[in-house]
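The sequence shown begins at 15 in the working numbering and counts up by one.
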Amino acid sequence: MATALAAPVDTTIEDPTRRPPLVTGDHDYQSITDTIHSISEHKTPRAWYIAFAVSSTATVTFFLLIGYLIYQGVGVWGNNNPVFWGWPIVNFVFWVGIGHAGTLISAILFLFRQNWRTSVNRFAEAMTIFAVVCAGIFPGIHVGRVWFAYWLAPYPATRLDMWPNFRSPLLWDVFAVSTYATVSLLFWYMGMIPDLATFRDRSKSKIKQFVYGVFALGWNGSARHWHRYEKAYMLLAALATPLVLSVHTVVSFDFAVAQLPGWHATIFPPYFVAGAVFSGFAMVITLMVPARKWFGLKDLVTLRHLENMCKVILATGSMVGFAYAIEFFIAWYGGNPYEGFAFINRAFGPYAWAYWTMVSCNVIAPQFFWIKKVRTTPWMMFIICIFVNIGMWFERFVITVTSLSRDFLPSSWAYFKPTPIDMAMFACSFGLFFTLFLLFCRYLPIVAMAEVKSVMPVPESEAKNDTKA
Numbered sequence: 015m016a017t018a019l020a021a022p023v024d025t026t027i028e029d030p031t032r033r034p035p036l037v038t039g040d041h042d043y044q045s046i047t048d049t050i051h052s053i054s055e056h057k058t059p060r061a062w063y064i065a066f067a068v069s070s071t072a073t074v075t076f077f078l079l080i081g082y083l084i085y086q087g088v089g090v091w092g093n094n095n096p097v098f099w100g101w102p103i104v105n106f107v108f109w110v111g112i113g114h115a116g117t118l119i120s121a122i123l124f125l126f127r128q129n130w131r132t133s134v135n136r137f138a139e140a141m142t143i144f145a146v147v148c149a150g151i152f153p154g155i156h157v158g159r160v161w162f163a164y165w166l167a168p169y170p171a172t173r174l175d176m177w178p179n180f181r182s183p184l185l186w187d188v189f190a191v192s193t194y195a196t197v198s199l200l201f202w203y204m205g206m207i208p209d210l211a212t213f214r215d216r217s218k219s220k221i222k223q224f225v226y227g228v229f230a231l232g233w234n235g236s237a238r239h240w241h242r243y244e245k246a247y248m249l250l251a252a253l254a255t256p257l258v259l260s261v262h263t264v265v266s267f268d269f270a271v272a273q274l275p276g277w278h279a280t281i282f283p284p285y286f287v288a289g290a291v292f293s294g295f296a297m298v299i300t301l302m303v304p305a306r307k308w309f310g311l312k313d314l315v316t317l318r319h320l321e322n323m324c325k326v327i328l329a330t331g332s333m334v335g336f337a338y339a340i341e342f343f344i345a346w347y348g349g350n351p352y353e354g355f356a357f358i359n360r361a362f363g364p365y366a367w368a369y370w371t372m373v374s375c376n377v378i379a380p381q382f383f384w385i386k387k388v389r390t391t392p393w394m395m396f397i398i399c400i401f402v403n404i405g406m407w408f409e410r411f412v413i414t415v416t417s418l419s420r421d422f423l424p425s426s427w428a429y430f431k432p433t434p435i436d437m438a439m440f441a442c443s444f445g446l447f448f449t450l451f452l453l454f455c456r457y458l459p460i461v462a463m464a465e466v467k468s469v470m471p472v473p474e475s476e477a478k479n480d481t482k483a
């Protein structure tokens, strides 16, 4: 006889005769609220303090390194002539790409009425905000004299006798990324309002009641509030959807509008967007798999959710692999010797180790998701997604560094080597990301309770009442 304490196992995904449910276990609306609220209501676990101590230490180190960079100058990096763009731009593109999955899951899948997004969208939206925060730091410190960064602002500078160059794709980045960050933040916050009201009503601390109450904006769950909330959420989703495509398209213009061989390619916009979705979903799974286990969310974040995300990774990874092949084809078909040399140099030149690492992680590793057992085994998908994250960073490194290190004149060729400052700043930027993520997990609803309840079957008690009525 099975005991009530036995943990339910999500075996529905193995049943081919019916569609797996989005919520497993014996849950009702009350138990969903209890499960999510208990994460912030109960005493903070020791593991959280340990993780927060490590990540916050890395964050402090990151800002100390930025201070050292400003004091000493960009010479502490490995950037040289001709590789004026080194790890800072690589890191910027990497973090912007990580932030794409959040808006994709929230906005596009919402508009297409894909209900499986409901348990993972809050994670992805939060990840978007934190990744964009990390991304925005690197261009700001890459300008060199940071104290003159206000020169980039579009205002009439009569004292400087110059205006910012609006034709520069770097200025396009400013508008695209800032708009994306603003809309993503509003979208994330808008979706949390009903859940923040629940936290407000269930909190025992007066301080928490006040803080959650302020951000809940007086939500009381009335029909009028729900009507206005759903309309505003739909409008924000429609506004955010084109941003998913536009932001990394604009980021790709940093490279595509240049005349440098290896960069001047029309394939870059769709290639960058597919790669951003690819890396973003990989990071969502990287965060979701351990959080699902540690916070007891296996009934809400089921294997169906994880398998669907693995399928998206497989599809976008195949697109990225196809783009790699098309680049070589176009370089040959175009007949431009400089373009052809750029791609041969990537695969067989001094950075061949980086190129084949990229191909192995981005093209070969996701192909394991064709196997159903891999798609439905959390630790296997976690390992593959770690490789995908590594490969996508190497993709940005290969695009940036290999094209710059060997351009038109062999006399100007140089080999780029990162310094310990380069490596430490990139590693410590993860500290900032995980610090924000840990605070989010501890104090905010990490799963959209209201949306999960909307896709659950009607409880039997309510169904009987409706029948009697």
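Virtual Cβ for every residue (Gly too), placed ideally from N, Cα, C.
Residues near residue i by beta carbon distance below 8 Å, same chain, minus five either side
i, result
"Ala366", "Arg360"
"Gly158", "Gly87, Val88"
"Trp186", "Val264, Phe267"
"Trp370", "Ala361"
"Trp277", "Phe269, Ala270, Ile413, Ser417"
"Val90", "Tyr82, Leu83, Thr433, Ile435"
Cα-Cα separation, residue i to residue j
i, j, result
"Trp346", "Leu301", "40 Å"
"Phe224", "Phe408", "46 Å"
"Phe396", "Met323", "12 Å"
"Ser192", "Ile460", "24 Å"
"Phe484", "Gln128", "Residue 484 falls outside the range modelled here, since the chain spans only 15 to 483, and no answer is possible."
"Thr71", "Phe201", "30 Å"
"Tyr194", "Met204", "15 Å"
"Asp480", "Val37", "With a pLDDT of only 43 at Asp480, under the threshold of 50, the placement of this residue in the model should not be trusted, and no figure is reported."
"His156", "Thr433", "15 Å"
"Phe447", "Val74", "12 Å"
"Val303", "Leu125", "26 Å"
"Asp29", "Asp421", "At Asp29, the pLDDT of 49 sits below 50, so the modelled position is not reliable and the matter cannot be decided from this model."
"Met141", "Gly349", "43 Å"
"Met333", "Ile281", "12 Å"
"Pro275", "Ile358", "11 Å"
"Ala190", "Ala246", "22 Å"
"Leu458", "Gly335", "38 Å"
"Ala483", "Thr117", "Because the pLDDT of Ala483 is 43, which lies under 50, any placement of that residue in the model is unreliable, and the number read from its coordinates should be weighed accordingly. One C-alpha to the other measures close to 41 Å."
"Met248", "Thr390", "32 Å"
"Trp165", "Ile151", "17 Å"
"His41", "Arg456", "23 Å"
"Pro364", "Pro351", "19 Å"
Pair within 9 Å by beta-carbon distance, residue i and residue j
i, j, result
"Thr212", "His51", "yes"
"Pro102", "Pro153", "yes"
"Val402", "Gly331", "yes"
"Phe112", "Ala290", "Per the sequence shown, residue 112 should be read as Ile rather than Phe. Yes; because the gap between Cβ atoms is below 9 Å, this pair is in contact."
"Pro283", "Thr263", "yes"
"Met297", "Ala67", "no"
"Leu328", "Trp384", "yes"
"Ile398", "Pro380", "yes"
"Trp393", "Ala61", "no"
"Glu353", "Ile344", "yes"
"Ala279", "Ser120", "no"
"Phe444", "Ala305", "no"
"Ile80", "Met439", "yes"
"Tyr226", "Arg214", "yes"
"Phe295", "Val326", "yes"
"Leu314", "Ser133", "yes"
"Lys218", "Glu465", "no"
"Pro208", "Gly232", "no"
Contact with chain D by residue i, beta-carbon distance below 9 Å
i, result
"Trp367", "This model lacks chain D altogether; it includes just one protein chain."
Cut-off 7 Å between Cβ atoms - residues of its own chain near residue i, not counting five sequence neighbours on either side
i, result
"Phe430", "Gly92, Asn94, Val97, Gly100, Val415, Ser419"
"Thr47", "Thr212, Met463"
"Ala428", "Asn94, Asn95, Pro96, Val97, Ser419"
"Val293", "Contrary to the premise, residue 293 reads as Ser rather than Val in this sequence. Around Ser293: Gly111, Ile112, Val402, Asn403, Met406."
"Leu123", "Arg131"
Residues near residue i by beta carbon distance below 6 Å, same chain, minus five either side
i, result
"Trp109", "Ala145, Cys148, Ala149"
"Val229", "Correcting the residue identity first, residue 229 is Phe in this sequence and not Val. Answer for Phe229: Leu210, listed in chain order."
"Gly405", "Met372, Cys375, Asn376"
"Thr449", "Ser69, Ser70, Thr73"
"Arg410", "Val104, Val107, Phe108"
"Gly470", "Looking at the sequence provided, one finds Met at residue 470 rather than Gly. The answer, listed in chain order, is Val37."
"Val388", "Phe382, Met394"
"Ala16", "Residue placement at Ala16 is flagged as unreliable, the pLDDT there being 40, under the threshold of 50; a coordinate-derived value is accordingly withheld."
Practice task
Run through the stretch 234-317 for me and flag every whole beta strand (DSSP E) of 3 or more residues, listed as ranges in chain order.
Solution key: Taken in chain order, the complete beta strand (DSSP E) segments of 3 or more residues contained in the stretch 234-317 number zero; there are none.
Practice task
Identify every run of the alpha helix (DSSP H) within the stretch 336-414, keeping only runs that are complete inside it and at least 4 residues long; order them along the chain.
Solution key: As far as the stretch 336-414 is concerned, its whole alpha helix (DSSP H) runs of at least 4 residues are 351-362, 366-373, 386-389, 392-411.
Practice task
At 4 residues or longer, and completely inside the stretch 91-146: list those alpha helix (DSSP H) runs for me, N to C.
Solution key: You should have 101-112, 114-117.
Practice task
List in chain order: all unbroken alpha helix (DSSP H) runs of 4+ residues lying wholly within the stretch 43-67.
Solution key: Correct list: 43-55.
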